[in-house]
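S.K.:
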Amino acid sequence: MQKQRVLLLSEGFGAGHTQAAYALSSSLRKMAPHIQTKVIELGSFLNPKVAPLIITAYKKTVSSQPRLVRMMYRSNYKKSLNRFTTLALHRIFYTRTIEIITQLHPDVIVCTHPIPGAIISRMKRLGLDVPLCTVITDYDAHGTWISEEVNCYLVSTLQVKHILLDRGVEESKIRITGIPVHPNFWKRHSKEEIRDQFGLYNMPTVLVMGGGWGFMKDEAVNSLLASYSDKVQVIFCLGSNEKSLEKMKKDPKYIHPNIHLLGFTKEIDKLMEVSDLLITKPGGMTCTEGLAKAIPMLFHKPLPGQEEENSHYFTSQGWGTPISSLDDISTWIGRLTDNYEDVARTREKVLDQIASYYPLQSAQAIMDILENNKISS
1411 MQKQRVLLLS EGFGAGHTQA AYALSSSLRK MAPHIQTKVI ELGSFLNPKV
1461 APLIITAYKK TVSSQPRLVR MMYRSNYKKS LNRFTTLALH RIFYTRTIEI
1511 ITQLHPDVIV CTHPIPGAII SRMKRLGLDV PLCTVITDYD AHGTWISEEV
1561 NCYLVSTLQV KHILLDRGVE ESKIRITGIP VHPNFWKRHS KEEIRDQFGL
1611 YNMPTVLVMG GGWGFMKDEA VNSLLASYSD KVQVIFCLGS NEKSLEKMKK
1661 DPKYIHPNIH LLGFTKEIDK LMEVSDLLIT KPGGMTCTEG LAKAIPMLFH
1711 KPLPGQEEEN SHYFTSQGWG TPISSLDDIS TWIGRLTDNY EDVARTREKV
1761 LDQIASYYPL QSAQAIMDIL ENNKISS
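Just so we're on the same page, the numbering used here is the position in the sequence shown counted from 1, plus 1410.
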C-alpha cells in the first residue's frame, strides 16, 4: 500500500496546540500504520533563534497584562488575520515553508494554530493544491482561525460549529470531533502500578497543573494545599517552569511525604488516573484530557480569551468549577476527606456519560480527507 503523508503544523504559543498535533499524529499511526506523519512547530523550526524570544515576550504579556490581552482578544474576536499580517507572515515564512512542503509532499496539511493556518491559506490562494484542515483547540472560535481556503474544520462542540456557521463557514466543512488528545488518556491504567511508579500513597490525591508553561504559581493556593498535606496527597506539576520548581523544593512547607513536586512529564494521563481532583489553568487540551479521565476540575484564574471560554463551557456542563475564593478549595478538600465515596461515584457517572465518545474521531476525519483526495485524484 502506498504511503500517505500528513503534515501537522503548530506553534509554540502554549503547549496545547502542539500537543493536539502530536495526539493526532499518534492516533493516525495507530489507526493506519501506512500513514506517515510529521509534526512541526513552524516558527521555531524556521527561526530557532527568533521564535523563542517572541514566545517569551508573549508569555510575559499574558501573565503581566491580562486586561490588555482580553481587550485585544475581544476587539478582534470576529476578525480573521488582516491582509497586512498574512502578507508579512507570507514573506517571512513562504520560501522555507514551500521547501518543506516540496520535500515532504504531504497529501493533507493539518494546522492546530492560526498562524500556520494563515500561511498555508495564502499559499493555497497562490496555487498550492493540498487539502487544508484546521483543528480548533479550544471551546471557542476566534476569528483568526477562519479562512476561505480551509477545506475542513475539526471543532470541539456544537456550540463552536454554530460560531463558524454564523461567520459564513459552509456546514459541509465542519465536523464535530472533540479536541484530539493522546490515545493514552482514553486507557484505564492500574492505580497500584502508577502509585508504585511515582512513589505515591493510596489516599485522596490532588493534582495541581499549570499547563506546559507552568503558570500555576499562586502562593496562596499552593500554601493552602500544603497545609492539608496530613489529610490529602498533593502532586504539583510545574511543567517547564524550572525556576518555580526549584524554589518550591527549597521551601520547608513543601517538604512533606505527601507532597510531590514534578517538572515536565509525558505521563500526565497516569497522574490524572490516580488523582481525585485537578486544579489547573483551563486550557482546551488540559480540560479535554481531564474530561477523558473524568476527573473533577477546579479552574484557577483563566487567562483572557480562550481559557475564559473553556472555563465557561466546562462549568456549564458540570465538569469543572472556577475558583472564586480559597474557600472553594477547602470545600473540595472536605469532600475528599469526608465524602470520598460520593466523589468516586460521581466520577463513575461522568465516565458513563462520556463512554459513547469515540476518541479517534479527529484522526478518522483526516483519514476521510485522505480517502476523498485519493478518489478525486
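Just so it is clear, CB atoms sit at the ideal spot from N, CA and C, and this is done for glycine as well.
What does PRO1516 pair with, by DSSP beta-bridge criteria?
M.R.: Reading the sequence shown from its first residue, position 106 is the one you call residue 1516. According to DSSP, which records beta bridges pairwise, PRO1516 is partnered with nothing at all.
S.K.: Any idea what DSSP makes of PRO1368, helix, strand or coil?
M.R.: Past the boundaries of the shown model lies residue 1368; the chain is included only from 1411 to 1787, so the question cannot be answered.
S.K.: So for SER1650, helix, strand or coil by DSSP?
M.R.: If you number the sequence shown from 1, residue 1650 lands on position 240. Note: SER1650 maps to coil in three-state DSSP.
S.K.: Considering just the uninterrupted stretch of the beta strand (DSSP E) at LEU1417, what are its terminal residues?
M.R.: Locating residue 1417 in the sequence shown gives position 7, where the first residue counts as 1. Run containing LEU1417: 1414-1420, per the beta strand (DSSP E) assignment.
S.K.: Candidates ILE1689, VAL1579, TYR1549, ILE1733: which alpha carbon is nearest THR1615's?
M.R.: One-based indexing of the sequence shown puts residue 1615 at position 205. For the residues ILE1689, VAL1579, TYR1549, ILE1733, the minimum Cα distance to THR1615 belongs to ILE1689.
S.K.: Quick one: Cα of LEU1671 to Cα of CYS1562, how far?
M.R.: Here residue 1671 corresponds to residue number 261 of the sequence shown, with the count starting at 1. Here residue 1562 corresponds to residue number 152 of the sequence shown, with the count starting at 1. Distance between the alpha carbons of LEU1671 and CYS1562: 41 Å.
S.K.: Is LYS1676 helix, strand or coil by DSSP?
M.R.: Residue 1676 sits at position 266 when you count from the first residue of the sequence shown. It is coil, neither helix nor strand.
S.K.: How do the region 1729-1749 and the region 1699-1714 stand: do at least 3 beta-carbon pairs fall below 8 Å, yes or no?
M.R.: As far as the Cβ criterion goes, the region 1729-1749 touches the region 1699-1714, which means the pair count is three or higher.
S.K.: With three or more beta-carbon pairs closer than 8 Å as the criterion, would you say the region 1664-1680 touches the region 1637-1651?
M.R.: These segments touch.
S.K.: Does the region 1438-1448 come close enough to the region 1414-1421 that 3 or more CB-CB pairs lie under 8 Å?
M.R.: These segments touch.
S.K.: Around the C-beta of LYS1703, are 16 or more other C-beta atoms found within 10 angstroms, so that it is buried, or is it exposed?
M.R.: For this step, residue 1703 is matched to residue 293 along the sequence shown. It counts as buried.
S.K.: Can THR1544 and VAL1560 be called in contact, C-beta distance under 8 Å?
M.R.: Position 134 of the sequence shown, counting from 1, holds the residue named residue 1544. Position 150 of the sequence shown, counting from 1, holds the residue named residue 1560. Closer than 8 Å, so yes.
S.K.: Which same chain residues, not among the five before or five after GLU1581, have their C-beta less than 7 Å away from its C-beta?
M.R.: Against the sequence shown, residue 1581 aligns to sequence position 171. Excluding residues within five positions, the ones whose Cβ falls inside 7 Å are LEU1575.
S.K.: Could you have a look at GLN1446 and say whether DSSP puts it in helix, strand or coil?
M.R.: Here residue 1446 refers to the residue found at position 36 when the sequence shown is read from its first residue. Strand at GLN1446.
S.K.: Tell me the DSSP secondary structure of THR1698 in three-state form.
M.R.: Within the sequence shown, residue 1698 is the residue found at index 288, counting from 1. The answer is helix: DSSP assigns THR1698 an H, G or I state.
S.K.: Identify which residue in LEU1542, PRO1541, ASP1737, VAL1565 has its Cα closest to the Cα of HIS1552.
M.R.: Translated into the one-based positions of the sequence shown, residue 1552 becomes position 142. Comparing Cα positions, the closest option is VAL1565.
S.K.: From this set, THR1725, LEU1701, ILE1511, GLY1694, which residue's C-alpha is nearest GLN1716's C-alpha?
M.R.: In the sequence shown, the residue the question calls residue 1716 occupies position 306. Of the listed residues, the one whose Cα sits closest to GLN1716 is GLY1694.
S.K.: Please state whether DSSP places TYR1750 in a helix, a strand or coil.
M.R.: Taking the sequence shown and counting its residues from 1, one reaches residue 1750 at position 340. In the structure shown, TYR1750 sits in a helix (DSSP, three-state: H, G or I).
S.K.: Classify ASN1612: buried if its beta carbon has 16 or more other beta carbons within 10 angstroms, exposed otherwise.
M.R.: For the purposes of this step, residue 1612 is taken as residue 202 along the sequence shown, with counting starting at 1. With fewer than 16 other Cβ atoms within 10 Å, it is exposed.
S.K.: Name the DSSP bridge partner or partners of MET1707?
M.R.: For this step, residue 1707 is matched to residue 297 along the sequence shown. For MET1707, which the question treats as bridged, DSSP gives the partners LEU1688, GLY1730.
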